[in-house]
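*Asks:*
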Amino acid sequence: MENLKESPKIYAFLNRIRLEWPEVVERFEFKTASVIYIHLKEGISSIDFQINLSQKIDSLVDFTAPIILYHIESDRLNLRSHPINWYSEINKNAPESVSSY
Numbered sequence: 001m002e003n004l005k006e007s008p009k010i011y012a013f014l015n016r017i018r019l020e021w022p023e024v025v026e027r028f029e030f031k032t033a034s035v036i037y038i039h040l041k042e043g044i045s046s047i048d049f050q051i052n053l054s055q056k057i058d059s060l061v062d063f064t065a066p067i068i069l070y071h072i073e074s075d076r077l078n079l080r081s082h083p084i085n086w087y088s089e090i091n092k093n094a095p096e097s098v099s100s101y
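Residue numbering for the sequence shown follows the UniProt record's numbering, starting at 1 and increasing by one per position.
This is how it looks when you write it as structure tokens:
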């Protein structure tokens with residue numbers, strides 16, 4: 001349900017990715033509400049793209065719903081997963097106090 005409320009923010013996030021790296025991103029494909037494939041243009045390395053995106057991810061994400069981006073190279077042989085906001089979901093469900101030893 002949270003993903004539905006945050007869908008406009010997720011679409012805006014994807015648009016910011018497309019604007020930031022127009023020479024890299026071919027298209028986006030939603031597999032589910034929380035799984036998104038980013039198809040990369042020919043000759044673009046999924047590992048290089050993930051490194052570049054990771055360096056700017058904090059300035060691009062303005063939603064709390066957990067999603068997984070899969071960066072897919074044009075030959076479809078290399079695929080990298082990139083979870084976003086999964087820790088926010090864990091923190092939301094964590095107990096209020098944690099005892100330590």
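Glycine is no exception: its CB is placed at the ideal position from the N, C-alpha and C atoms.
Give the straight-line distance between the Cα atoms of Ile10 and Phe63, rounded to the nearest whole angstrom.
*Replies:* 7 Å
*Asks:* Could you give the residue range of the alpha helix (DSSP H) that holds Phe13?
*Replies:* 7-20
*Asks:* Could you tell me whether the Cβ atoms of His82 and Ser54 are closer together than 9 Å?
*Replies:* yes
*Asks:* In this structure, does DSSP put Ser46 in helix, strand or coil?
*Replies:* helix
*Asks:* Give the DSSP-derived three-state secondary structure of Ser81 in the structure shown.
*Replies:* strand
*Asks:* Go ahead and label Leu77 buried or exposed: buried means 16 or more other beta carbons lie within 10 angstroms of its beta carbon, across all protein chains shown.
*Replies:* Exposed is the label assigned to Leu77, since fewer than 16 other Cβ atoms lie within 10 Å of its Cβ.
*Asks:* Quick one: give me the first and last residue of the beta strand (DSSP E) that Arg27 is part of.
*Replies:* 25-30
*Asks:* Label Leu69 either buried or exposed according to how many other C-beta atoms from any shown protein chain fall within 10 Å of its C-beta, with 16 as the threshold for buried.
*Replies:* buried
*Asks:* Are Glu73 and Leu40 touching if we call contact CB-CB under 9 Å?
*Replies:* yes
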